[in-house]
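**Q** Protein chains in written order, with the working numbering: chain A, 1 to 358; chain R, 359 to 716.
For glycine and all other residues, C-beta sits at the position ideal for the given N, C-alpha and C.
Below is one structure. I have some questions about it.
Given below as structure tokens:
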């Protein structure tokens, strides 16, 4: 199995290291790595100057996309699939927007499209979800699916840091980008719950219609108030199927109690739970961020392709209509140092901060 | 894919129901079911009077063993494998004793042996562990892997029941056998941690050498004392690789704190965590007991066989030498209404009850 890698940053470089260190019995080799010319010296003969040296290389079986963003990765992934290369990606942005096309192209060209690392980093989550829907019915998914914000909230809750200091610490440890807006405002989580919901329900749950409310307004005072009331504040993504083509999905801060299985999910760890008709509640826990956990998930995807396992095609049986939980659930609402519990949130803008009671 | 089922009790009957209700596109059919003559009327034409009607049936591809016990299931499983049938089992007793032979016979005969449901009921645990060891190194496993005892301890801790009443309630709900000794004394957990450790380390970790200390002596007074000291009492199986061919394994009550990921695992739920060299800590949660969770895991195994996925052969690269944690860890020791913390447990028999500080 010959592999080409697009992007040799934190994740792509991790994949390269892991594959280079696999035993020869694994029979997986990296032939080409595309990146900026500054990496040329480090990569030596394996350096690829253009994506075509990877995506159109007749010796390459699997293309690993580890660049991030949407437009360029989209171009690379479609090109690779059309050239009959299987594709492995960790890119939630492009997957959440184009998953139907990627899976269809893979099927048309007799190859595989795998994106385990796009949600939950190193957690074997998407493969488990796909296994579940093949024999069971999944109607609800909830979890902590962003390592950066869970790290920040844990640091603030447990160690009393300000958000600014917690974010600085996350950056220092490599858990946050310089611009963490996509994490803090919930865009990253929205992409991930879009992917999970779409696979679980067998229909596209449009990314752009998912309600999200960020955690930028969380303060140490709010966390103290929440704690005093017996809750823990977590940034939670939740999705519930409500009908044949309808669902409720949200990404918002939630107040949970200590007996909730998400309560002990701290720092950069992620956890996702889903409810099945036959198998009840299943849960998955692991590092949602970080070089080697994410790279390991991608190498596992390569291994699945080499064993011809993990076969799956997402078929969009019609887009889902998406609602949120605002009208029907209880909310914690904070303003000017005081909080109240509101039954149904009509106008969150009149409060300093709101969070759903989970 | 044509299936034969051995044993049509709680689990086997659940598998039969699930397969009968799969969409025809799944292409899985149950042809024969072996059980006692009393089930003949219910099973109609599919009733098999002898195991040979299943294990030697030329139309059957997969044999599902759901009988329990060791001697007879061992005979059936080996016969099925030798007749080139893939085998799916939930039987931890026979798997923990004969896994090497079962996997070898499967390989020799070009078929598969899958035992996902033998540990953790419906949790996709063994398949994930196998996926992990193919690209990573696993050095530690710990978890709550017995639904009956976790149900009993949760009922006692949270609702103040005596062990007798908690066990009666577990029986009423179908979470405990009439004779729950194998659960209470830790034999069931010992079998399961034997299977997990052996797969994780690539060598047999002998069942008979694993230290186990049961929970039969737990009283409401002990639980109150433990709680007052800030702990939660859980029945935990743990395994750590300590060298090339050595490991420490134990099944014993442990005191954990609220920030331990096992703390929110209550009632009949199970959770298993393992540490990987690259992927850090992974965790899996779900129902460790009950008809449909266990049956779902078995149907997923059948699906893996039909897709030719899940390929794996356990090769015993030499038995492991097994030690326990008694000499090196801190223990909670209770006697005559008083408790103390002991560094290294030299003689547990002089106390009414002991539990490891996890």
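Which residue's Cα is closest to the Cα of residue 346/A: 338/A, 358/A, 357/A and 330/A?
**A** Your numbering for residue 346/A matches position 346 in the first chain. Residue 346/A has its Cα closest to that of 330/A, out of 338/A, 358/A, 357/A and 330/A.
**Q** Taking Cβ-Cβ distances shorter than 8 Å, what residues in chain A pair up with residue 376/R?
**A** Taking the first residue of the second chain as 1, we reach residue 376/R at position 18. Chain A residues near residue 376/R: 135 and 278.
**Q** Taking just the CA atoms, how far does residue 451/R sit from residue 215/A?
**A** The residue labelled residue 215/A in the question sits at position 215 within the first chain. The residue labelled residue 451/R in the question sits at position 93 within the second chain. One C-alpha to the other measures close to 49 Å.
**Q** For residue 50/A, name the three-state secondary structure that DSSP assigns.
**A** Along the first chain, one-based indexing puts residue 50/A at 50. In the structure shown, residue 50/A sits in coil (DSSP, three-state: anything other than H, G, I, E or B).
**Q** In the DSSP output, what is residue 18/A paired with across the bridge?
**A** Indexing the first chain from 1 puts residue 18/A at position 18. Per DSSP, none; premise fails for residue 18/A.
**Q** Classify residue 346/A as helix, strand or coil using the three-state DSSP reduction.
**A** Taking the first chain and counting its residues from 1, the one referred to as residue 346/A is at position 346. In the structure shown, residue 346/A sits in coil (DSSP, three-state: anything other than H, G, I, E or B).
**Q** Using the C-alpha atoms, what's the distance from residue 516/R back to residue 586/R?
**A** Here residue 586/R refers to the residue found at position 228 of the second chain. Here residue 516/R refers to the residue found at position 158 of the second chain. The straight-line gap from Cα to Cα measures roughly 13 Å.
**Q** Would you please verify whether the beta carbon of residue 25/A is less than 8 Å from any beta carbon of chain R?
**A** One-based indexing of the first chain puts residue 25/A at position 25. False, the Cβ-Cβ gap to chain R never drops below 8 Å.
**Q** Round the Cβ separation of residue 201/A and residue 140/A to the nearest angstrom and send it over; I've been treating them as touching at under 8 Å.
**A** Numbered from 1 along the first chain, position 201 holds the residue referred to as residue 201/A. Numbered from 1 along the first chain, position 140 holds the residue referred to as residue 140/A. Going by Cβ atoms, the distance from residue 201/A to residue 140/A rounds to 10 Å, so no, they are not a contact pair.
**Q** Quick one: what does DSSP say residue 720/R is sitting in, helix, strand or coil?
**A** The shown model of chain R, from 359 to 716, leaves out residue 720/R, and the question about it has no answer.
**Q** Where does residue 687/R fall in DSSP's three states?
**A** Position 329 of the second chain, counted from the start, is the residue given in the question as residue 687/R. Reduced to three states, the DSSP call for residue 687/R is coil.
**Q** Establish whether the CB of residue 307/A and some CB of chain R are separated by less than 8 Å.
**A** What you label residue 307/A is simply residue 307 of the first chain in a count that begins at 1. Yes, its Cβ sits closer than 8 Å to a Cβ of chain R.
**Q** What residue range does the alpha helix (DSSP H) around residue 350/R cover?
**A** Because chain R is modelled from 359 through 716, residue 350/R falls outside the range shown and cannot be assessed.
**Q** With a floor of 3 residues, list each beta strand (DSSP E) that falls wholly inside the stretch 263 to 348 of chain A, ordered by position along the chain.
**A** 269 to 276, 280 to 287, 321 to 323, 330 to 335 and 338 to 343
**Q** How about residue 612/R and residue 594/R: do their beta carbons lie closer than 8 Å?
**A** For the purposes of this step, residue 612/R is identified with residue 254 of the second chain, where counting begins at 1. For the purposes of this step, residue 594/R is identified with residue 236 of the second chain, where counting begins at 1. In this structure, residue 594/R lies closer than 8 Å to residue 612/R by Cβ.
**Q** In terms of residue numbering, what span does the alpha helix (DSSP H) encompassing residue 508/R cover?
**A** Locating residue 508/R in the second chain gives position 150, where the first residue counts as 1. First-last of the alpha helix (DSSP H) with residue 508/R: 505 to 517.
**Q** Relative to the alpha-carbon of residue 370/R, which residue among 686/R, 711/R and 650/R has its alpha-carbon at the smallest distance?
**A** Along the second chain, read from residue 1 onward, the residue named residue 370/R stands at position 12. Per the Cα distances, 650/R.
**Q** Do residue 195/A and residue 249/A have their CB atoms nearer than 8 Å?
**A** Your numbering for residue 195/A matches position 195 in the first chain. Your numbering for residue 249/A matches position 249 in the first chain. It is not a contact, given that the beta carbons lie outside the stated cut-off.
**Q** Mark residue 50/A as exposed unless 16 or more other C-beta atoms lie within 10 angstroms of its C-beta, in which case mark it buried.
**A** Here residue 50/A refers to the residue found at position 50 of the first chain. Classification for residue 50/A: exposed.
**Q** Nearest by alpha-carbon distance to residue 385/R: which of 262/A, 297/A, 186/A and 134/A is it?
**A** Here residue 385/R refers to the residue found at position 27 when the second chain is read from its first residue. When only C-alpha atoms are compared, the closest one is 134/A.
**Q** From the DSSP output, read off the bridge partner residues of residue 211/A.
**A** Working through the first chain from its first residue, we reach residue 211/A at position 211. Answer is 250/A, bridged to residue 211/A.
**Q** Mind checking residue 300/A: buried by the 16 CB within 10 Å criterion, or exposed?
**A** Residue 300/A sits at position 300 when you count from the first residue of the first chain. With a 10 Å radius around the Cβ and a threshold of 16 neighbouring Cβ atoms, residue 300/A comes out buried.
**Q** Comparing the C-beta of residue 351/A with each C-beta of chain R, is any distance below 8 Å?
**A** Taking the first residue of the first chain as 1, we reach residue 351/A at position 351. No, residue 351/A lies away from the interface with chain R (no Cβ there is under 8 Å from its Cβ).
**Q** At which residues does the beta strand (DSSP E) containing residue 125/A begin and terminate?
**A** Within the first chain, numbered from 1, the residue matching residue 125/A stands at position 125. Note, residue 125/A: premise wrong, no beta strand (DSSP E); not H, not E.
**Q** Measure how close the beta-carbons of residue 656/R and residue 435/R come, nearest whole angstrom, since I'm counting them as under 8 Å.
**A** Translated into the one-based positions of the second chain, residue 656/R becomes position 298. Translated into the one-based positions of the second chain, residue 435/R becomes position 77. About 14 Å; that fails the 8 Å criterion.
**Q** Note down, in chain order, all residues in the stretch 40 to 52 of chain A with a beta-carbon under 8 Å from any beta-carbon belonging to chain D.
**A** Here chain D cannot be found, since the structure's protein chains are A and R.
**Q** Assuming residue 142/A is part of the beta strand (DSSP E), what are its boundary residues?
**A** Along the first chain, one-based indexing puts residue 142/A at 142. Unbroken beta strand (DSSP E) run through residue 142/A: 138 to 144.
**Q** According to the Cβ coordinates, are residue 110/A and residue 203/A closer than 8 Å?
**A** In the first chain, residue 110/A corresponds to position 110, counting from 1. In the first chain, residue 203/A corresponds to position 203, counting from 1. For residue 110/A and residue 203/A, no; Cβs fall outside 8 Å.
**Q** By the 8 Å beta-carbon criterion, what residues does the stretch 555 to 569 of chain R contribute toward chain A?
**A** Listed by position, the residues of the stretch 555 to 569 of chain R near chain A (Cβ gap below 8 Å) amount to none.
**Q** May I ask you to list the residues that DSSP assigns as paired with residue 175/A?
**A** To locate residue 175/A, count along the first chain from 1; it is residue 175. Partner(s): none; residue 175/A has no beta bridge.
**Q** In three-state DSSP terms, what is residue 391/A?
**A** The structure shown does not extend to residue 391/A, since chain A is modelled only from 1 through 358, so no value can be given for it.
**Q** Could you check if residue 566/R is buried or exposed, using at least 16 other CB atoms within 10 Å of its CB as the buried criterion?
**A** Sequence index remark: in the second chain, residue 566/R carries index 208 (1-based). With fewer than 16 other Cβ atoms within 10 Å, it is exposed.
**Q** Does DSSP put residue 72/A in a helix, a strand or coil?
**A** Locating residue 72/A in the first chain gives position 72, where the first residue counts as 1. Helix at residue 72/A.
**Q** Note down, in chain order, every chain A residue with its Cβ under 8 Å from the Cβ of residue 424/R.
**A** By 1-based counting over the second chain, the position of residue 424/R is 66. By Cβ distance, chain A contributes nothing, its closest Cβ being about 16 Å from residue 424/R, past 8 Å.
**Q** Consider the Cβ of residue 122/A: report whether some Cβ of chain R lies at a distance smaller than 8 Å.
**A** The count along the first chain starts at 1 and reaches residue 122/A at position 122. So, interface residue.
**Q** What's the C-alpha gap between residue 268/A and residue 107/A?
**A** In the first chain, residue 268/A corresponds to position 268, counting from 1. In the first chain, residue 107/A corresponds to position 107, counting from 1. C-alpha separation (whole angstroms): 35 Å.
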